[in-house]
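Basically our numbering = 1-based index in the sequence shown + 3. Built from N, CA and C at the ideal position, the CB exists for glycine as well.
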Amino acid sequence: MNRLSVAVLSALILIFLLTISGKAEYKHEFTGASKCRVCHMSKKKGDQYGVWKESKHASAYLTLATEEAKAVAGKAGQAAKPPQENPACLKCHLTAWDAPAELLGSKYSREEGVTCESCHGPGKDYSPIKIMRDRALAVENGLIIPEKEDCLNCHNQESPTYKPFDFDTFWAEIAHDNPLTE
């Protein structure tokens, strides 16, 4: 092989590796927020589902269909694809946006937007009640206990609509602890 061929091949391999490195590697199946709802809607237990449903996270994907979203995408140089199909938008507006289809359970719905599983991880393996009752076992089965850094994956200056992110203020708006486990 001559030097030019080696350089071109090397560049193509590098581009390929950079392309695939941005995708998450999922080990568990997504169930969808409606599955989480079954156990997490009781007021007595903190109504985590209700808190999510009333938040902007629940409508994050649907907002991408608006004219405003199209304008924001255009200003950000992302007009080649509609926002609801654009990975640059989907990565923060849709749970499991890059997950293989075989990991999307029957209750998974794009319309749910940024769901419980965006922050807590795909839930099929930790959602059974016998596992959820044991926090360590739930974590072992994929449950993520989110921290500020997890929020910053989307709430950062890469966002074309970025506003300064004060974790404590925003966390208070979506706090959804279970008072029975405190």
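Between the stretch 153–166 and the stretch 35–43, the count of C-beta pairs closer than 8 Å stays below three; the two stretches do not touch. A Cβ-Cβ separation of about 20 Å leaves V41 out of contact with I177 under the 8 Å criterion.
Note that the C-beta distance between G126 and A63 is not below 8 Å.
F173 carries a helical assignment under DSSP once its states are collapsed to helix, strand and coil. Note that the C-beta distance between H31 and G108 is not below 8 Å. Taking all protein chains in view, the Cβ of P149 is surrounded by fewer than 16 other Cβ atoms within 10 Å, so the residue is classified as exposed. In this structure, the CA atom of S45 is about 43 Å from the CA atom of A83.
L97 has its alpha-carbon roughly 8 Å from the corresponding atom of T118. Around the beta carbon of Q160, fewer than 16 other beta carbons sit within 10 angstroms, so the residue counts as exposed. A straight-line Cα-Cα distance of about 6 Å links G124 and I147. Around the Cβ of L155, a 10 Å sphere holds fewer than 16 other Cβ atoms; the residue is exposed. Cβ neighbours of A141 within its own chain (closer than 6 Å, five residues either side excluded): Y129, I134 and M135. Within the same chain, Cβ atoms closer than 6 Å to the Cβ of C122 are found at P149, the five residues on either side in sequence being excluded. Pairing Q51 with H60 gives a Cβ-Cβ distance that is not under 8 Å. DSSP places L107 in the strand class (E or B) of the three-state scheme. The Cβ atoms of T66 and A72 sit closer than 8 Å to each other.
Note that the C-beta distance between A68 and Q87 is below 8 Å. Note on geometry: alpha-carbon atoms of F170 and A104 lie some 32 Å from one another. In the DSSP assignment, I148 falls outside any alpha helix (DSSP H), carrying neither H nor E.
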